[in-house]
Amino acid sequence: MGRWDLTDAQAAKLRNYIDRGGFFMCDDFWGRDQWELFMRSMRRVFPDRQIVDLEDGSPIFHSVFDLDQRYQVPGSRYLYTGVTEKCDDCPAYWRGVMDDKGRVIAAMTYESDLGDSWEWADDPRYEERFSALGFRIGINYIVYAMTH
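In case it helps, the working numbering puts the sequence shown at residues 3 to 150.
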C-alpha cells in the first residue's frame, strides 16, 4: 500500500465495488510518507468519508475471535532482523472507513503486515504468535464482511 497510486478510474471502480456491498482490506504500509501516499488515493475513493481509528470494542474485532489485545504483526524482514517495526517509532494502527450505518467497509492495518504473517506461518523462524494473530484478524474481517 505504501506505493499505491490509483488513477481516478481505478478509484471510481473501487468505490463502486464497495458501494455495491464489497469490503476492502489493506496492510503493509509503514511510516508517514507511505501513509500520505496511500491517503492521496483513498481521498479519491472516499472524498466524502473519513478514515478513523478502530477501537477495541469495534464489532470487526469480535465477529469470531475477541481481539482486544492486538499487537504489531511484522513483515518477513523480522525473520532476519528480529525487529517488528520497519521504521523507528512505528506502532501498529487499526483504521477503517465506515458506511452511513456505522459498518466498516474498508479496513487498514497500518504499520503491520498481515499478509506476511499468513505467508510465513509455516517458517519456524517466524513466531507463531504473529501468524496466529494475523489469521484471527483475517478470519474476523472475512466473517464481519459477510455478516454486516
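For each residue, glycine too, the CB sits at the ideal point set by N, CA and C.
Got a sec? Which residues, its chain only, sit under 6 Å from residue i by beta carbon, not counting five neighbours each side?
i, result
"ASP57", "Sequence check: residue 57 is Glu here, not Asp. No residues qualify anywhere along the chain."
"ILE141", "VAL66"
"TRP2", "Since the first and last residues shown for the chain are 3 and 150, residue 2 lies out of range."
Residues in its own chain within less than 7 Å of residue i by CB, not counting five upstream and five downstream?
i, result
"PRO93", "GLN74, GLU113"
"ARG46", "LEU8, ASP10, ALA13"
"TRP37", "PHE31, TYR112"
For the candidate residues the options, whose alpha-carbon lies nearest to that of residue i?
i, options, result
"CYS89", "ASP35, PHE26, ALA14", "ASP35"
"ARG17", "GLY33, ARG5, SER43", "SER43"
"SER133", "THR149, PRO76, GLY59", "PRO76"
"VAL1", "GLU129, TRP96, VAL99, ASP124", "What is shown of the chain runs 3 to 150, which leaves residue 1 out entirely."
"GLN71", "VAL145, LEU135, ILE144", "LEU135"
Between residue i and the rest of its own chain, which residues show a CB-CB distance below 8 Å, the 5 nearest in sequence each way excluded?
i, result
"GLU121", "SER78"
"LEU81", "TRP122, ASP125, ARG127, TYR128"
Return helix, strand or coil for residue i, following the three-state DSSP convention.
i, result
"ARG97", "strand"
"ALA123", "coil"
"TYR128", "coil"
"ASP29", "strand"
"ASP35", "helix"
"TYR73", "coil"
"THR86", "coil"
"THR149", "helix"
If you draw a straight line from the C-alpha of residue i to the C-alpha of residue j, how long is it?
i, j, result
"PHE26", "GLY117", "14 Å"
"LYS103", "HIS150", "10 Å"
"ILE20", "THR83", "38 Å"
"MET148", "SER60", "16 Å"
Taking only beta-carbon atoms, is residue i less than 8 Å away from chain C?
i, result
"LYS103", "The structure shown contains no chain C; it is built from a single protein chain."
Just checking, does the stretch 51-71 make contact with the stretch 94-112 on the three C-beta pairs under 8 Å criterion?
-> yes
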